[in-house]
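The opening position of the sequence shown corresponds to residue 756 in my numbering, with each subsequent residue numbered one higher.
Note that beta-carbon positions come from the ideal geometry of N, C-alpha and C, so glycine has one too.
This report refers to the structure that appears directly beneath it.
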Amino acid sequence: MNEIEELKQLKELLDTGILTEEEFAAKKKQILNL
């Protein structure tokens, strides 16, 4: 899975309330290696 697909999946989890904004931001940084 590439970064874009992973981010889309994470966004879905955020939108459904499974992930918090903080968790989403942390995972996004991890995926993008920031």
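Where residue i falls: helix, strand or coil (DSSP)
i: Ile759; result: helix
i: Leu696; result: As shown, the chain starts at 756 and ends at 789. That puts residue 696 outside it, with no answer to give.
i: Leu768; result: helix
Through-space distance from residue j to residue i, alpha-carbon basis
i: Lys766; j: Asn788; result: 17 Å
i: Gly772; j: Met756; result: 23 Å
i: Ile759; j: Glu778; result: 17 Å
i: Gln785; j: Asp770; result: 19 Å
Cutoff 8 Å; reference residue i; Cβ partners in own chain excluding five residues on either side
i: Leu774; result: Leu765, Leu768, Lys782
i: Glu776; result: Leu769
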